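Numbering (the UniProt record's numbering), first residue to last: 1 to 611. Read the structure below first, then the notes.
Okay, structure coming up:
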């Protein structure tokens, strides 16, 4: 039976994750092509498309990076296909080059870019606000605040994009992606087949002579979309107080809850902007003229606030507009924070802070999973190089090598940067550099770093941590895997062949759980100069259970001879190990049977699982 997300069952209601609701909305629009590079908090969108793809009427792919994903989706929309491309907010940095030009070229079949922003850095290296990309490129923006809106805006946004031939940004945040709520389904028509590409070089080939009129057409499209925003059901005004609140995205939910909690709804007028770019200027101007004071509630940058300040100045309005002077420019909001900002503006007493007497919960630092092969690689690197090397890190599970006792992440810039930045540091300082990069990240943006390092004769030891999957974001496939959650990969790429093809002559492949061979390879490569590559190849244990359906037959245990020195815990920090009665112990349920600890301490033994 096909997944309910694919069914043509209008009127049905399902409890969905915000990301699942986006999938349903795309299905209702008639989606034909979906591309992505996975990244939290967007990952469940492509993962859901992937999981149900055997029964779906669309093409889906995990692309090697966000730039490629957007280019594939861009080519598909030029062929008349309704297309969606998904990524997290920092992925848009990678995709920015084609994105800016796609705004000129247009999207005949319709093209939605899902940018999942992450206020609060729950799983990201920054908090950038990608509404600014939309203003830079000239893209309409929809910002859902509930699961129902996530579905409806995905559907309506794709149809709007096709109607105007304009790439559209669906801007979510972590709170929206990961909330759950009831979603009423609409019809899900058969998408049919794309019309195919129709040649029109002046519209689709942005040489300077054509780009200039393309820019004019882009501005005309945005003005036509401004009319859509003026009449959009996602932009509403409620209330009749002289104190005005303007809110967008998930902040609309915070405002609604805050007003309900405080009982202040009768004292305010609220303008909700779900269709936030282009700004519906007439609706906003009428709102500004109806109130005495305005509080703009939006997470991260003062995007709408600045738009309203310009609008007020342009029309000679002197009302007081507040925003980032009373609400923070960083992090997530919460209901109490928003309620107190509203109370302050109305001259009401703030909500008292909770004087909680409960003790704080103990800290739980992030840690590599029990049996993670990266722990073996990092332990070997520390044994061989210690603090004599600078460790250049990258984006993935292996960034968790940052903390003691492994301490193998000294700096990090972005996806794929470990090789390039590591080479730059070595060139500038002459220090020994070990650059760590995962297999998925290697295919994402490490290949160019290797080519650059070889071409410019950088002195760097590159360690490719090949755990056979894209582990951090949920075990999505990458070009190097041989199996996926829905079947075999018929076209796996070999990492060793790839680096040799890029000109690296010194390449070694090891299993990081074989510490003797791993350290020997590191010592050998460490004495060399130039670009050298060590491939640490061993599947993620969670992926092994899930996809290969294998479980190690043995687990570790601590013998009675244990002296209580705790070298095993202090050197490995494996979460399956703990202290008990003055000695070390192993939790057999958590132990994945990698047996790395046996190679660290002679008091640890192996036994048959379950014995």
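Using N, Cα and C, we set each Cβ at its ideal position, and we do this for glycine too. Computed from a prediction, not measured in an experiment: that's the story for all the values here.
Membership of residue 236 in the beta strand (DSSP E) is indicated by the continuous run 235 to 239. Contact between residue 457 and residue 530 is confirmed by a C-beta separation of about 7 Å, below the 8 Å threshold.
Here DSSP, grouped into helix, strand and coil, assigns residue 208 to helix.
Here DSSP, grouped into helix, strand and coil, assigns residue 22 to helix. The beta carbons of residue 107 and residue 167 sit about 5 Å from each other, so the pair counts as a contact at 8 Å.
By the 16-neighbour rule on beta-carbons within 10 angstroms, residue 528 is exposed. Inter-segment contact for the region 532 to 540 and the region 563 to 581 is absent: fewer than three beta-carbon pairs are separated by less than 8 Å. The straight-line gap separating the alpha-carbon atoms of residue 541 and residue 523 is approximately 27 Å. Every alpha helix (DSSP H) of 4 residues or more that sits fully in the region 399 to 438 is shown, in chain order, as 417 to 429. In the DSSP annotation of this structure, the continuous segment of the beta strand (DSSP E) that includes residue 269 starts and ends at 268 to 273.
Burial state of residue 41 is buried, judged by a 10 Å Cβ sphere holding 16 or more other Cβ atoms. Going by DSSP, residue 17 is part of the beta strand (DSSP E) stretching over 13 to 17. By the Cβ test, the region 401 to 409 is in contact with the region 373 to 387, since at least three Cβ pairs between them sit closer than 8 Å. Fewer than three Cβ pairs drawn from the region 123 to 131 and the region 2 to 16 lie within less than 8 Å of each other, which leaves the two stretches out of contact. Per DSSP, reduced to three states, the secondary structure at residue 488 is strand.
Between the region 26 to 33 and the region 78 to 85 there are three or more C-beta pairs closer than 8 Å, enough to call the two in contact. Per the C-alpha coordinates, the member of 388, 352, 35 positioned closest to residue 64 is 35. Annotation: residue 254 is outside any beta strand (DSSP E); the continuous alpha helix (DSSP H) that includes it extends over 251 to 262. The bridge partners DSSP lists for residue 244 are 269, 294. Scanning the region 447 to 533 for uninterrupted alpha helix (DSSP H) segments of 4 residues or longer gives 447 to 455, 495 to 501, 515 to 526, listed from N- to C-terminal end. DSSP lists 16 as the beta-bridge partner residues of residue 181.
Residue state for residue 333 is assigned as coil, using DSSP reduced to three classes.
Rounded to the nearest whole angstrom, the C-alpha separation of residue 169 and residue 112 is 6 Å. Contact annotation: the region 287 to 299 touches the region 228 to 244, with at least three C-beta pairs closer than 8 Å. Judged by DSSP in its simplified three-state form, residue 161 adopts helix. In the structure shown, residue 61 falls within a strand segment according to DSSP collapsed to helix, strand and coil. Residue environment for residue 155: buried (at least 16 other C-beta atoms within 10 angstroms of its C-beta). Residue 300 places its beta carbon 9 Å or farther from that of residue 570. Taking every protein chain shown into account, the CB of residue 252 has 16 or more other CB atoms within 10 angstroms, so this residue is buried. Cβ contact annotation for residue 17 (same chain, cutoff 8 Å, sequence separation greater than five): 44, 147, 177, 178, 179, 180, in chain order. The Cβ atoms of residue 417 and residue 394 sit closer than 9 Å to each other. Counting every other CB atom within 10 Å of its CB across the protein chains shown gives residue 315 a total below 16, marking it as exposed. Of the candidates 333, 502, 511, the residue whose Cα lies closest to the Cα of residue 373 is 511.
The C-alpha of residue 507 lies about 44 Å from the C-alpha of residue 204. Annotation: residue 592 to residue 367 spans about 15 Å, alpha carbon to alpha carbon.
Residue 455 and residue 448 have their alpha carbons spaced roughly 10 Å apart.
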